[in-house]
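Those protein sequences? They're chains A and B, same order as listed. Each residue of the first sequence is one higher than the one before, counting from 227 in this note's numbering. Each residue of the second sequence is one higher than the one before, counting from 45 in this note's numbering. For each residue, glycine too, the CB sits at the ideal point set by N, CA and C. In this text the structure is predicted, and so the values were computed from the model without any measurement. Some notes on the structure that comes next.
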Amino acid sequence: MKEELNTLEQTVLNDYKYGFVTDIDTDIVPKGINETLIRLIWAKKNEPDWMLDWRLKAYTQWQKMEEPKWPNVTYPAINYQDIIYYAAPKQKGQLKGLDELDPELRRTFEKLGISLDEQKRLSGVAVDVVMDSVSVATSFKKQLSEIGVIFCSMSEAIQQHPELVKKYLGSVVPMTDNYFAALNAAVFTDGSFCFIPKSVRCPMELSTYFRINAENSGQFERTLIIAEDDSYVSYLEGCTAPMRDENQLHAAVVELVALSKAEIKYSTVQNWYPGDKEGHGGIYNFVTKRGICIGEHSKISWTQVETGSAITWKYPSVILKGDGSIGEFYSIALTNNHQQADTGTKMIHLGKNTKSRIVSKGISAGYSNNSYRGLVRAGKGATNARNYSQCDSLLLGDKCGANTFPYIEVKNTTAVVEHEATTSKIGEDQLFYCKQRGIDTETAVALIVNGFAKEVMNQLPMEFAVEAQKLLAINLEGSVG
Amino acid sequence: MLSIKNIHAAIEGKQILNGINLEIKPGEVHAIMGPNGSGKSTLALVLAGREEYEITQGMVTFSGKDLLEMSPEDRAREGLFIAFQYPVEIPGVSTTNFIKTAVNEKRKYHGQEALDAVAFLKLMKEKMALVNMDQSLLSRSINEGFSGGEKKRNEIFQMAMLEPKLAILDETDSGLDIDALRVVAKGVNELRHKDRAILIITHYQRLLDYLQPDFVHVLYNGRIVRSGGKELALELEEKGYDFIKDEIGLTAGVQAGIN
Numbered sequence: 227m228k229e230e231l232n233t234l235e236q237t238v239l240n241d242y243k244y245g246f247v248t249d250i251d252t253d254i255v256p257k258g259i260n261e262t263l264i265r266l267i268w269a270k271k272n273e274p275d276w277m278l279d280w281r282l283k284a285y286t287q288w289q290k291m292e293e294p295k296w297p298n299v300t301y302p303a304i305n306y307q308d309i310i311y312y313a314a315p316k317q318k319g320q321l322k323g324l325d326e327l328d329p330e331l332r333r334t335f336e337k338l339g340i341s342l343d344e345q346k347r348l349s350g351v352a353v354d355v356v357m358d359s360v361s362v363a364t365s366f367k368k369q370l371s372e373i374g375v376i377f378c379s380m381s382e383a384i385q386q387h388p389e390l391v392k393k394y395l396g397s398v399v400p401m402t403d404n405y406f407a408a409l410n411a412a413v414f415t416d417g418s419f420c421f422i423p424k425s426v427r428c429p430m431e432l433s434t435y436f437r438i439n440a441e442n443s444g445q446f447e448r449t450l451i452i453a454e455d456d457s458y459v460s461y462l463e464g465c466t467a468p469m470r471d472e473n474q475l476h477a478a479v480v481e482l483v484a485l486s487k488a489e490i491k492y493s494t495v496q497n498w499y500p501g502d503k504e505g506h507g508g509i510y511n512f513v514t515k516r517g518i519c520i521g522e523h524s525k526i527s528w529t530q531v532e533t534g535s536a537i538t539w540k541y542p543s544v545i546l547k548g549d550g551s552i553g554e555f556y557s558i559a560l561t562n563n564h565q566q567a568d569t570g571t572k573m574i575h576l577g578k579n580t581k582s583r584i585v586s587k588g589i590s591a592g593y594s595n596n597s598y599r600g601l602v603r604a605g606k607g608a609t610n611a612r613n614y615s616q617c618d619s620l621l622l623g624d625k626c627g628a629n630t631f632p633y634i635e636v637k638n639t640t641a642v643v644e645h646e647a648t649t650s651k652i653g654e655d656q657l658f659y660c661k662q663r664g665i666d667t668e669t670a671v672a673l674i675v676n677g678f679a680k681e682v683m684n685q686l687p688m689e690f691a692v693e694a695q696k697l698l699a700i701n702l703e704g705s706v707g
Numbered sequence: 045m046l047s048i049k050n051i052h053a054a055i056e057g058k059q060i061l062n063g064i065n066l067e068i069k070p071g072e073v074h075a076i077m078g079p080n081g082s083g084k085s086t087l088a089l090v091l092a093g094r095e096e097y098e099i100t101q102g103m104v105t106f107s108g109k110d111l112l113e114m115s116p117e118d119r120a121r122e123g124l125f126i127a128f129q130y131p132v133e134i135p136g137v138s139t140t141n142f143i144k145t146a147v148n149e150k151r152k153y154h155g156q157e158a159l160d161a162v163a164f165l166k167l168m169k170e171k172m173a174l175v176n177m178d179q180s181l182l183s184r185s186i187n188e189g190f191s192g193g194e195k196k197r198n199e200i201f202q203m204a205m206l207e208p209k210l211a212i213l214d215e216t217d218s219g220l221d222i223d224a225l226r227v228v229a230k231g232v233n234e235l236r237h238k239d240r241a242i243l244i245i246t247h248y249q250r251l252l253d254y255l256q257p258d259f260v261h262v263l264y265n266g267r268i269v270r271s272g273g274k275e276l277a278l279e280l281e282e283k284g285y286d287f288i289k290d291e292i293g294l295t296a297g298v299q300a301g302i303n
C-alpha cells in the first residue's frame with residue numbers, strides 16, 4: 227500500500243514543452259510603475275490624448291485600491307515596482323505584410339505550432355500574435371476586411387477605429403471594476419480587437435496567441451470583441467510562456483459586447499507556464515473577462531480549458547441584459563503540483579426570460595488547490611430567468627484540494643436557479659481495477675479525466691478540442707503512478 | 045499453465061499466506077474454499093499484482109513466465125483475469141469505452157491491430173448474450189449505480205470479452221440472489237474451454253453446484269490444508285469448516301515439522 231500511495235503522491239516534473247526563450251532584441255522600459263511610465267507607454271503607442279486621460283484616471287484609481295484577498299489562493303506580496311511594464315520585440319518600422327516579420331519571431335511561433343503563413347493555413351483560423359507587450363502579426367486581415375470584419379491589434383484599433391474603441395472600451399469592465407482591471411487600464415499595451423458588422427457570420431475562427439518572452443516583465447493586454455446585430459463570431463485564445471524561477475504577472479481584460487441576436491463564442495486554452503514541481507516560478511494569471519448580452523436574444527458562451535499558470539484567478543462572466551439572452555460558461559480547470567486556481571463565473575440576469583448554464587469541471591492533482599467560485603444573480607426585472615449550474619470536482623491523490631463556492635442571489639420570484647455539485651476521486655482501487663484489465667496507469671488516468679471533462683471538451687472547436695485533450699494528458703503526466 | 049510454489053505473502057508486516065502450492069492446467073476448474081480470513085482473496089490479489097502485498101517467499105509461473113516479475117497490466121494482457129468481489133465504480137467512463145480500451149490494450153501488447161468500431165460492436169453483441177447483459181448498462185459509467193447482480197454480470201461480461209487463459213472468480217457468488225447466481229454461473233459455464241482454466245474462490249458450496257469444479261482445495265491460515273474432488277466441497281458444506289480446524293489442530297505438530 228505504502229509504495230502505491232507514494233506513486234500517487236509523486237509529482238514528477240511536467241513536460242512543459244513551451245518553456246523556451248526566444249533570443250530577440252527587445253525594447254524594454256525600466257522596472258516600476260508611475261505616471262512617467264504611463265506617459266511613456268502612451269507615447270510609444272502614439273495614442274490620442276483621450277487615451278492618456280483614460281490611463282491616468284485608471285492609475286489614480288488603482289493607487290486607491292487594494293489587491294483582492296478573498297480568493298482561495300496564497301502567494302507572496304507582489305512588488306509592482308519590480309515589474310517591467312513594457313517589453314516589445316524590436317521590429318524595423320511598420321510591417322507591410324507578414325513576410326516582413328522577423329524570422330526569429332516566425333520560428334518562435336512555428337515552434338509553438340502557430341503558423342503565420344496564410345497559404346499554409348487550411349483550417350480557416352485567423353490569428354493575431356501578441357509577444358510580451360505588443361501584437362507582432364495578424365493574419366487574414368485583408369480577407370476579413372472585405373466582408374467588413376475588423377480583426378487587428380488593439381493598438382491599431384485605437385489608431386484606425388477610435389470611435390468604436392472610445393464607445394466600448396471599459397463599457398463592460400469599467401476601469402474601477404477591480405484591482406487588476408484598474409492596473410490593466412493604466413498600463414495595457416496591446417491585445418486584439420474584433421468587430422463583426424451587422425448580419426455577418428464571421429467565416430473563420432478568430433484567434434489570439436499570447437506569448438510572454440521577456441524576463442521580469444508582466445503582460446497586460448486587452449481584448450475587445452463587438453458583435454453587431456445578427457452577427458456571429460467564434461474566437462479562440464491560447465497562451466504560453468518560458469520556464470522561469472520567478473513569477474510573472476499576466477493581468478488581462480477581455481470585454482465582449484453582443485448586440486441583438488448576436489452570438490459570441492469565446493474559447494480559451496490557457497497553458498501559461500505553471501511553475502516547477504516544487505511550486506517555483508510560473509505565471510500569475512489574474513484576468514477579468516466579462517461579456518454583456520446587451521441586445522435581446524443575444525448569446526455569449528465562454529469555454530475555458532485552464533491547465534497552466536501558478537495561480538489562476540478569473541471569472542469569465544455574462545451580463546444578461548437583453549430579454550431572452552443566453553449566457554454559458556463551460557470550464558475545465560486542471561491543477562497539478564503546487565498550482566492554485568480560483569476560477570468560475572458570474573451570470574447576472576437582468577432581462578426577462580434570460581437563461582444561463584454553467585458547467586465547471588475541476589481536476590486537482592499533486593498538492594494543488596482548485597476552487598470553483600460562481601455567482602448567479604437574478605435582478606428584480608429578470609422575470610422567468612433560468613440558471614442551471616453543475617460543478618464537478620475530480621481529485622487525483624489525497625494531497626490536493628477542491629472547493630466549490632456557489633453564490634446565489636435571486637430578487638425575482640419567478641426565477642429558477644439550479645445547482646448541482648459532485649466530488650469524486652481517482653483512487654488506488656480504480657487504478658488497480660484498470661490495470662487488472664490491462665490498462666496502464668497513464669491510459670487509465672487519461673480515460674477517467676477525459677470522461678470527466680467530455681461535456682466541456684465537446685464545446686470546443688474541433689481542432690482545439692484535440693489540442694486540449696492532449697494538453698490534459700501532458701499536464702497530468704507523472705501525477706500518478 | 046499456473047504454477048504456484050510455496051508462496052508466502054504479507055501485508056503491513058502481517059503474514060497472510062504461509063506457503064501455498066498449486067498447479068492448474070489448461071481446461072481445469074479449481075475451487076478454493078475456506079473460512080473468512082483464511083487468505084482466499086489475498087491469493088487472488090497477489091496473483092493479480094496488487095502492490096501492497098509483499099511476497100516474502102516462493103514463486104509463480106504463468107504460461108512459462110515469471111508472473112511476479114510482471115506488472116499488473118502485463119499479467120492481465122498475458123491472460124490473467126480477476127472477476128472482483130467488489131468491482132470498482134469509475135464515474136465518467138462508459139462501460140463500452142472501458143472494455144474497448146482494455147481489449148485494444150491487450151491486442152496492442154500482442155502486436156495485433158486495434159479492433160475497429162464495427163468489429164468491436166459485433167464482438168460485444170455476441171458476448172452480451174452469454175450473460176444477459178443489458179444493453180443500457182454499456183453506455184453508463186462502469187459499475188456506477190449498478191446493482192450487485194449487474195456488477196457481477198459485468199465482470200463475467202468483461203471476462204468473455206477479454207478471453208483470458210486463467211480466470212479467477214473472487215467470491216463472485218457473494219451478494220447474489222439465486223436468480224442472479226444462476227445467470228452468472230451459466231455465463232461462466234459457457235466460457236469453459238479446453239484452453240482456459242478457472243479458479244473459483246468461494247466461501248459456500250452453492251456456486252459449485254452450478255460450476256462443478258474438477259478440484260477443490262481448502263485454504264486455512266494461509267495454507268492449502270486439504271485437496272480433493274468436488275465431493276470435498278459437499279463434505280465441507282455438511283460438516284462446516286470446524287471439522288477442518290479440528291483436523292488441523294490434531295496434525296498441527298506434524299505440519300510444523302514439515303515446514
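Residues sharing a beta bridge with residue i, DSSP
i	result
B:D110	B:T105
A:I584	A:F555, A:S615
A:C745	The requested residue 745 of chain A does not occur in the structure, where chain A is confined to residues 227 to 707.
A:S527	A:K491, A:E554
A:T639	For A:T639, which the question treats as bridged, DSSP gives no partner whatsoever.
A:T571	A:G600
A:C519	A:A484, A:L546
B:F185	Inspection of the sequence shows that residue 185 of chain B is occupied by Ser rather than by Phe. Answer is B:S138, bridged to B:S185.
Cβ-Cβ separation, residue j to residue i (assumed contact under 8 angstroms), whole Å
i	j	result
B:E117	A:G623	Not quite, the Cβ-Cβ distance comes to about 20 angstroms (not below 8 angstroms), so this is no contact.
A:Y311	A:I267	7 angstroms
A:S418	A:D471	Rounded, the Cβ-Cβ distance is 30 angstroms, inconsistent with contact.
A:S597	A:N629	4 angstroms
B:V73	B:I242	5 angstroms
A:V399	A:T449	Actually they are not in contact, since the Cβ atoms of A:V399 and A:T449 sit about 11 angstroms apart, beyond 8 angstroms.
B:A92	B:R119	7 angstroms
A:D568	A:W539	5 angstroms
Sequence-distant residues of the same chain with beta carbon closer than 6 angstroms to residue i, five excluded per side
i	result
B:L46	I68, F106, L210
A:A641	A604, A608, A611
A:F436	V356, C465
A:I384	E273, V391
A:K572	Y541, S543, L601
A:S361	D354, S379, D416
B:I134	I186
CB contact below 8 angstroms: residue i versus chain E
i	result
B:I222	The question asks about chain E, but that chain is absent: this structure's protein chains are A and B.
Bounding residues of the beta strand (DSSP E) (the contiguous stretch that carries residue i)
i	result
B:Y153	First-last for B:Y153: 139 to 153, but that is the alpha helix (DSSP H), not the beta strand (DSSP E).
B:N62	58 to 68
B:M77	73 to 77
B:A211	210 to 214
A:W296	Counting along the chain, A:W296 falls outside any beta strand (DSSP E), and DSSP gives it neither H nor E.
Residue i: first and last residue of the uninterrupted alpha helix (DSSP H) it sits in
i	result
A:D275	275 to 290
B:M168	161 to 174
Chain-order list of residues whose beta-carbon lies under 8 angstroms from that of residue i (same chain, five-residue window excluded)
i	result
B:I55	T86, E96, Y97, E98
B:L220	G192, G193, K196, V228
B:Y264	G78, P79, S82, Y285, I288, K289, I292
Residues near residue i in its chain [Cβ-Cβ closer than 7 angstroms; skip 5 each side]
i	result
B:Y248	D217
A:L576	I545, L546, K547, G605, G607, A608
A:P687	E431, S460, L462, S493
B:G272	V260
Within 7 angstroms of chain B by C-beta, residues of the segment 414 to 425 of chain A in sequence order: Result list empty, no residue passes.
Of all the residues that make up the segment 664 to 675 of chain A, which are near chain B by a beta-carbon distance shorter than 7 angstroms? Sequence-ordered contacts of the segment 664 to 675 of chain A with chain B read G664, I665, D666, T669, L673, I674 [C-beta pairs closer than 7 angstroms].
Interface residues of the segment 149 to 170 of chain B facing chain A [CB-CB below 8 angstroms]: E149, K150, Y153
Output, in sequence order along the chain, the residues in the segment 77 to 99 of chain B whose CB is closer than 8 angstroms to any CB in chain A. A92, G93, R94, E95, E96
If you measure beta-carbon to beta-carbon, which residues of the segment 128 to 146 of chain B are closer than 9 angstroms to chain A? F128, Y130, P131, V132, E133, I134, P135, G136, V137, S138, N141, F142, I143, T145, A146
Going along the segment 197 to 210 of chain B in order, which residues come within less than 8 angstroms of chain A, judged by CB to CB distance? Q202, L206
By the 7 angstroms beta-carbon criterion, what residues does the segment 642 to 664 of chain A contribute toward chain B? S650, D655, Q656, F658, Y659, K661, Q662, R663, G664
Closer than 7 angstroms, Cβ to Cβ, to anything on chain A: give me those residues from the segment 114 to 125 of chain B, in chain order. P116, E117, A120, R121
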